[in-house]
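S.K.: By full-length UniProt numbering, the letter at position 299 of the sequence shown is numbered 299, and the numbering carries on one by one without gaps.
Could you have a look at this structure, given as structure tokens, before my questions?
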Amino acid sequence: MFANSLFSDFLKENGLKIWKNESTRDIICLEFNYGSRSYQKELEHLKKIAKNARKEYRIADVRRDKYLMEKTLNKRKKISTLLCIAHKNKDKYKSLTNEELRTLIYNAGIDVKYVTRDRNGVIKKEEVIHYKMLYRSTGKAKKGTCMFIKDKLYKKARNFLYMGIKPSDDNPMIVELSAYAPLVSSGIVGKVKINPKNILILKDIDKFFTTNVISVETDDNKHCVAKMINNYKLKNTLFDGQALIDSSIFPSWGNGYILLRHHFCKMAAFNTNIQKFFKDYFGDNYQTATVKDMFGNVHYAKDI
Numbered sequence: 001m002f003a004n005s006l007f008s009d010f011l012k013e014n015g016l017k018i019w020k021n022e023s024t025r026d027i028i029c030l031e032f033n034y035g036s037r038s039y040q041k042e043l044e045h046l047k048k049i050a051k052n053a054r055k056e057y058r059i060a061d062v063r064r065d066k067y068l069m070e071k072t073l074n075k076r077k078k079i080s081t082l083l084c085i086a087h088k089n090k091d092k093y094k095s096l097t098n099e100e101l102r103t104l105i106y107n108a109g110i111d112v113k114y115v116t117r118d119r120n121g122v123i124k125k126e127e128v129i130h131y132k133m134l135y136r137s138t139g140k141a142k143k144g145t146c147m148f149i150k151d152k153l154y155k156k157a158r159n160f161l162y163m164g165i166k167p168s169d170d171n172p173m174i175v176e177l178s179a180y181a182p183l184v185s186s187g188i189v190g191k192v193k194i195n196p197k198n199i200l201i202l203k204d205i206d207k208f209f210t211t212n213v214i215s216v217e218t219d220d221n222k223h224c225v226a227k228m229i230n231n232y233k234l235k236n237t238l239f240d241g242q243a244l245i246d247s248s249i250f251p252s253w254g255n256g257y258i259l260l261r262h263h264f265c266k267m268a269a270f271n272t273n274i275q276k277f278f279k280d281y282f283g284d285n286y287q288t289a290t291v292k293d294m295f296g297n298v299h300y301a302k303d304i
């Protein structure tokens with residue numbers, strides 16, 4: 001499922017082809033749960049399922065179940081076709097683990113053949129699309145799934161996700177970029193338009209305290225070990241990922257707070273009366289009062 005998002009809106013405006021307003025071949029999601037078999041292993045696998053199909057057919061024949069007989073007969077025909085394909089392509093088979101396959105496809109991309117048939121099963125059209133690895137969102141990464149995009153759209157899509165930022169050769173920060181670049185692909189239910197000049201970015205506030213913890217570490221043999229540590233100093237970033245949004249622009253579809261996503265940005269924005277606070281705080285100086293953000297930039301309080 002390719003969720004409605006800022007990224008999907010961008011792709012629609014830049015060449016994404018959608019079939020009947022419900023599906024597309026231009027972007028696919030892959031999982032790497034299995035590896036690939038050698039030619040010999042493929043033969044063993046096909047012969048095994050062919051043997052099971054013959055048993056199923058005999059059982060259906062004994063029961064005089066015409067529907068099941070036809071179903072298993074079609075299954076046997078498909079297996080026979082797969083055996084022929086395996087024989088013709090025996091030099092192309094290669095045994096790879098799922099991780100080896102993942103690495104190969106991440107680097108080289110993957111070709112997918114789409115076949116269009118008429119009602120009688122006759123092939124009308126064949127199309128091969130080459131896909132390149134685009135991103136793994138934080139949610140998808142837990143499941144090992146990955147988004148691939150049609151090569152003709154790859155450059156535009158990647159440039160949008162990364163805002164044109166090219167990783168440094170010395171310190172590419174691959175993990176950080178991979179986690180934050182896909183944020184614009186997060187599913188959305190609506191949009192809020194905010195001028196960047198009206199956003200005040202403040203430094204995090206860290207709170208330190210001591211407590212007893214169980215620390216999971218690795219020993220010299222790279223085995224995980226749990227250590228009990230007393231009076232360990234912990235840091236808690238109190239407002240990490242939190243934002244306040246003025247009630248004047250809080251959307252009607254929100255309920256107390258909204259989750260906002262944009263390029264390299266994510267936050268939980270809580271509905272508050274920011275301007276009312278500034279008016280009360282600065283009083284007669286409200287119109288000219290200024291505040292500094294974490295970078296030293298000066299903002300008028302009335303614009304936040």
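For every residue, glycine included, the Cβ atom is placed at its ideal position computed from N, Cα and C.
1. Of the choices 98, 15, 34 and 165, whose alpha-carbon is the least far from that of residue 27?
2. Tell me whether residue 97 sits in a helix, a strand or coil according to DSSP, three-state version.
3. How big is the Cα-Cα spacing for residue 242 and residue 206?
4. Go through the region 170-252 residue by residue and report every complete run of the beta strand (DSSP E) that reaches 3 residues or more, in order.
5. Report the CB separation of residue 162 from residue 177 in whole angstroms; it is logged as a contact under 8 Å.
6. Give me whichever residues DSSP pairs with residue 267 in a beta bridge.
7. Do residue 180 and residue 295 have their beta-carbon atoms positioned less than 7 Å apart in this structure?
8. Measuring only the C-alpha atoms, how far is residue 37 from residue 136?
9. Would you mind working out which of 187, 282 and 71 sits nearest residue 8, comparing C-alpha positions?
10. Go through the region 116-152 residue by residue and report every complete run of the alpha helix (DSSP H) that reaches 4 residues or more, in order.
11. Name the one or two DSSP bridge partners that residue 59 has.
12. Are there 16 or more other CB atoms within 10 angstroms of the CB of residue 77, so buried, or fewer, so exposed?
13. Can you look up residue 22 in the DSSP assignment and give me helix, strand or coil?
14. Does the distance from the CB of residue 98 to the CB of residue 39 come in under 7 Å?
15. Determine, using beta-carbon pairs with one atom in the region 56-68 and one in the region 40-48, whether at least three such pairs fall under 8 Å.
16. Using the three-state DSSP reduction, which class does residue 272 fall into: helix, strand or coil?
M.R.: A quick look at the data gives this:
1. By 1-based counting over the sequence shown, the position of residue 27 is 27. That would be 15, whose Cα lies nearest to the Cα of residue 27.
2. Residue mapping note: residue 97 aligns to position 97 of the sequence shown, counting from 1. Residue 97: coil per DSSP, three-state reduction.
3. On the sequence shown, residue 242 is found 242 positions in, with the first residue counted as 1. On the sequence shown, residue 206 is found 206 positions in, with the first residue counted as 1. Taking the straight line from one Cα to the other gives about 13 Å.
4. 206-218, 224-237 and 242-246
5. Translated into the one-based positions of the sequence shown, residue 162 becomes position 162. Translated into the one-based positions of the sequence shown, residue 177 becomes position 177. Yes, residue 162 and residue 177 are in contact; Cβ-Cβ is about 7 Å, under 8 Å.
6. On the sequence shown, position 267 is the one that residue 267 refers to. Note: residue 267 sits in a beta bridge opposite 260.
7. Mapped onto the sequence shown, residue 295 falls at position 295. Mapped onto the sequence shown, residue 180 falls at position 180. Cβ atoms of residue 295 and residue 180: not closer than 7 Å.
8. The count along the sequence shown starts at 1 and reaches residue 37 at position 37. The count along the sequence shown starts at 1 and reaches residue 136 at position 136. Using only the alpha carbons, I get a separation of about 26 Å.
9. Indexing the sequence shown from 1 puts residue 8 at position 8. Comparing Cα-Cα distances from residue 8 to each of 187, 282 and 71, the minimum goes to 187.
10. For the region 116-152, the full-length alpha helix (DSSP H) segments reaching 4 residues or more read 138-143 along the chain.
11. Looking up residue 59 in the sequence shown gives position 59. The partner list for residue 59 (beta bridge, DSSP) is empty, contrary to what the question assumes.
12. On the sequence shown, residue 77 is found 77 positions in, with the first residue counted as 1. The residue in question, residue 77, is exposed, as its Cβ has fewer than 16 Cβ neighbours within 10 Å.
13. As a working note, residue 22 is residue 22 in the sequence shown. Of the three classes helix, strand and coil, the one that applies to residue 22 here is coil, per DSSP.
14. Within the sequence shown, the letter at position 98 stands for residue 98. Within the sequence shown, the letter at position 39 stands for residue 39. It is not a contact, given that the beta carbons lie outside the stated cut-off.
15. no
16. Along the sequence shown, one-based indexing puts residue 272 at 272. Strand at residue 272.
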